[in-house]
Amino acid sequence: MVSAAGSRFLAAFWVRSRSLCSSAATGRAPGPGPNTYTAGDIRQTFLSFFRDKHRHREVRSAPITPRADPSLLLVNSGMNQFKPILLGTVDPRSQMARYQRVVNSQKCVRAGGKHNDLDDVGRDLYHHTFFEMLGNWSFGDYFKEEACRMAWELLTEVYGIPQDRLYVTFFGGDPLLGLTPDEETKEIWLSIGVHPDRVLPFGLADNFWEMGETGPCGPCTEIHYDHGVGRGAAAQVNRGNPQLVEIWNLVFMQYNREADGSLHSLPQLSVDTGMGLERLATVLQGKQSNYDTDLFTPILNAIHRGSKAPQYRGLVGVMDPDSVDMAYRVLADHIRTLTVCIADGLYPGMTGAQLVLRRILRRAVRFSVEVLQAPPGLLAGLVPMVVEILGDAYPELKQDPGQIMDTINENEAAFLSSLHRGRRVIERTLRKMTQSQSFPVDVAWSLHRNLGFPLDLIGLMLEEKAVGMDNEALGQLVKEEAKHLRRSSQSDTRPEGGLGLRGINELRRIGVPITDDSAKYAYTLLQNGKYVFSPCQATVLALYQDNSLVEEVREGQRCCVILDRTNFYCEQGGQSHDQGYFIREGHQDVLLPVENVQTAGGFVIHTVCVPESLHVGDRLDLFVDEACRLACMVKHTATHLLNFGLRYVLGDHTEQKGSHITAERLRFDSSVKVPVTGQQLEKVEEIVLDLIRSDEVVYTAEIPLNQVNHITGLRTVDEVYPDSVRVVSVGVPVEQLLHSDNKQRTSVELCCGTHLLRTGLIGDLAIVWERQLGKGISRIVAVTGEEAKEARELGRVLAEEVDSLSVRLNGGLKSLSDAQKLSKQLGQLTDVVDGAVMLHRQRQLLQERLRTLQRTANTGIRKLETRAAAENVRLFLENRLDQGLVVDTFPVQSISILMKMVNQICEKMPHSSVMLLSQQDSGKVLCACQVPKKLVSSLSAADWALAVCGQMGGKAGGSDIVAKGMGSSSNLEEIIKSATEYARSKM
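Just so we're aligned, residue 52 is where the sequence shown starts under our numbering, counting upward by one.
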């Protein structure tokens, strides 16, 4: 929340920004005139300046979901997609490895994780969740001087920003870390002509950029723009004055931060710059707020038309007492984020980035409905405007705006329903509380976490009721979840294989060549159907242990082994790494188990436990676990067939979103427009089985990346490919597919995995699970071969079990105990079916049958219980007069019968308050009670049951009229006495 002082400051800023920006007021040259550039012009000018004049390669924006980077929830800066270069893990055979000068405009979201601007959006005029990062990079090419000169030239000569509006900062050093001031950068700015009074030093927090706790880092220099501070502006730089903003940050990566905190010079110097398009547009269009630029004004106008709220005025803080303008900004910002994320395949959900997007959507809905009083559907109605503004720069937004709108509308309807339920929960909780109690934090958190109820709305509702809450405890829960959401507090700069950036650079420095892993494809298929894997011998080129290269690893220690060649498959492309072992020449009885195989920077890294010493230069025989490898080959080829079948049945819009292949099973994620039906999955299975039965040849070929587009039906996924890519085709030679006139429809994919040579060995495929991960994403789990046959057989056996229980149920329920036993068996069988590895479609059918049978059994049980309760009530009331208070015991089998007895007694004695207790063989005591409506103001059934069960060390719950509970006691006479006294004290 913005403090009162903060609100006054923002309000003062708004007034000042509207009146003190003229050149007469500042005595300086005016800034760029209004509407000099459209946002599209600004973006294109930036790209063409670096591309055409300074020979940068233009690279398209990466999707908003990070590429193989578990340290990030969402892409939050332009450098994210280039981390493999900076970390030294990029495949040297890929196109990215040859990047030297790069420019792009990157879609970024900062909401969740380390960089989280969500709660600030709308409160001021410059925070956003989604923004565009304009950036240029140098990887081992130019460095500080060229970067500074190009930036200054673009801003002052191309865009025409007056120099006396700009201030630059540089790193002023840090004596504690032994870092000297970046005098080189300071001198560069002075040589360019920047006045000394405008070149300002700052410390570690402002002018030293780090990727994480470890990894590449270095000093940075920032360019700030003065919107109207004028005299004394230098003292306001980096002081939080919204009129003096940073517009461009130039980072000079020259160090690597080690795990011990020490800094070492990088072998390759890099430049990473970032400039927010929204802030630059504010400057070049002569505005005082990002929301006044043409990136937002069309959206704000559309909100006004759709909501009938007062026109947006750009007010903040105390000047905006009803938060109407804040709501405008929230909607305008959040709809950009939602549109971009959903277009990239990210949908609102309950975990990770999906949960972040869910909260963004619900925050927008809340401001739309509650503050702007807009009708449902306004938010989705803004999507076409966002597509119009951003679609030319990011064409993926234009592909299916209708789906984006449908997703937003569905989630809005769900949230409005949750909002209604949440209000009821809060009101019910408040009714149960005493005046001295504070609102339960666990209830507030449950509303927020499970229903998406905004925490600040809970706070407002409690404030209206003058009810307090432990905000410190709630804040701790928020912090814990934020920590969980990040999944990694800082970027993980160490590849899985155990080599850090320093290790990879050291390998390169001493001339270790990248690993030749072509032998992983060296296998043949004999006529008898047996696969033969070629032997492989290799030489140890390097050993890595305890963050250092060593010449020898002693007995019983673990290390990373780099060989000149290998036949082990490293974990990539969704396929698990190979298992196996090494044998040293001359030591045939000593096995070196291979525990992990990863790749980084072109090196294949084998993690090995050494039973005897191992030396650099040793010759090894490499033995892959052939059974495990073959099982992975079966699953990987089956995955390609499954992908083909899904696209054939669901349509070409279906795209792979991820896969995971192990020796046991395969998992495949794909984008879908609507949930996949059981009938569609059956069709997919049949297509796959046809390809298996026909024993199609699996063709592979290495082709230049630039020829990929000539292959019909081949789609690239969001990955970095080497210049020569491996194409896997089923049934049709790759060379034949390269002809542009070829229209044959077949499974064809870019893939580095290991595959069967013919499809027949798959044997069988069974889809055993399918579920929606979120809106538009389907996850399928399948098994093959014998496991598939077992899944079919298990389904048949379970179907017979269901048939047997159905026959018993249709034969009639003879007694309550028999009915309860049958109901229990139905529940147990339901649990077995839910978790069984069987055909998914068959599971769905059995689950539906079991639900129907369970409903029938429950209906029968209720009838028998009602009949038993009536007989019990008859016996109970046989010699009992009508009384105002009845507290007694009665032996019954279940709480359900006891509740029915209480209800029937109250029907016969409508003026009586009734509580019945029932001692069970286990020692538990069941409790049920009911109070006439006219007495609930003095005696609450829920409070009565809670008092009695609490005395027995148990719990209770219910309403003011009826309640039930349970506890433990060996002295029911004492409990009856206490229950009677409690009721009489309230009546």
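Beta carbons are placed, not taken as given, at the ideal position from N, Cα and C, and that holds for glycine.
Quick check: V938 and A1034, are their CB atoms within less than 8 Å of each other?
yes
Can you tell me the Cβ-Cβ gap for P349 and D175, rounded? I've got them flagged as a contact below 8 Å.
Contact doesn't hold; Cβ gap of about 21 Å is too wide.
Please report the residue range of the beta strand (DSSP E) in which E753 lies.
749-755
Check whether A1043 and M512 have beta carbons under 8 Å apart:
Outside the displayed span of the chain (52 to 1038) sits residue 1043, for which this structure offers no information.
Could you check the C-alpha separation between D869 and E899 for me, to the nearest Å?
23 Å
Every unbroken beta strand (DSSP E) inside the stretch 185-227 [3 residues or more]
217-222
Determine the direct distance from the alpha carbon of K840 to that of F695, and round the result to whole angstroms.
22 Å
Exposure of H499, with buried meaning 16 or more beta-carbon neighbours within 10 Å
buried
Could you tell me whether the stretch 257-267 touches the stretch 126-144, using the rule of 3 or more Cβ pairs below 8 Å?
yes
Could you give the distance in angstroms between the alpha-carbon of I386 and the alpha-carbon of M326?
22 Å
Reference L525; option with closest CA among F194, V783, V492:
V492
Among G782, L429, D451, nearest to G357 - alpha-carbon criterion
L429
What's the C-alpha gap between Y750 and L801?
12 Å
Could you give the first and the last residue of the continuous beta strand (DSSP E) run that contains D323?
314-327
In chain order, what residues of the same chain lie with their CB nearer than 6 Å to the CB of A979, ignoring the 5 residues before and after it?
L949, M950, V953, L967, K1015
Pairing CB atoms from the stretch 804-821 with CB atoms from the stretch 882-892, are three or more of them under 8 Å?
yes
What are the residues that DSSP puts in a beta bridge with Q588?
D672
Alpha carbon to alpha carbon, how far is L880 from S874?
10 Å
Endpoints, the alpha helix (DSSP H) within which L901 is located
891-928
Are the stretch 685-692 and the stretch 712-721 in contact at 8 Å, needing three or more beta carbon pairs?
yes
Report the rounded CA-to-CA distance for R474 versus F466, giving the unit in angstroms.
12 Å
What separation, rounded to the nearest whole angstrom, lies between the Cα atoms of G400 and E514?
30 Å
Under the assumption that T96 contacts A198 (Cβ atoms under 8 Å), give the Cβ distance between them as a whole number of angstroms.
Going by Cβ atoms, the distance from T96 to A198 rounds to 18 Å, so no, they are not a contact pair.
Using a Cβ distance threshold of 8 Å, determine whether the stretch 991-1001 contacts the stretch 954-961, with at least three qualifying pairs required.
no
Can you grab the Cα-Cα spacing for the pair L1023 / P942, in whole Å?
12 Å
Would you say Q319 and G186 are within 8 Å of each other, going by their C-beta atoms?
no
If you count every other CB in all the chains shown that lies within 10 Å of the CB of R479, and 16 or more means buried, which is it?
exposed
At least 3 beta-carbon pairs within less than 8 Å: the stretch 579-593 vs the stretch 659-674
yes
Counting only beta-carbon separations shorter than 8 Å, does V661 have a partner in chain D?
Absence of chain D from the displayed structure is noted, only one protein chain being present.
Does F253 come out as helix, strand or coil in the three-state DSSP assignment?
strand
What residues match up with D277 in a beta bridge as DSSP calls it?
L295
Taking Cβ positions, are V334 and Y276 nearer each other than 8 Å?
yes
Would DSSP call E715 helix, strand or coil?
coil
Whole-Å CB distance - R94 paired with V154, under 8 Å assumed
With a Cβ gap of about 11 Å, R94 and V154 do not count as contacting.
On the DSSP letters alone, give me the boundaries of the alpha helix (DSSP H) that Y699 sits inside.
677-701
For D376, the three-state DSSP class (helix, strand or coil)
helix
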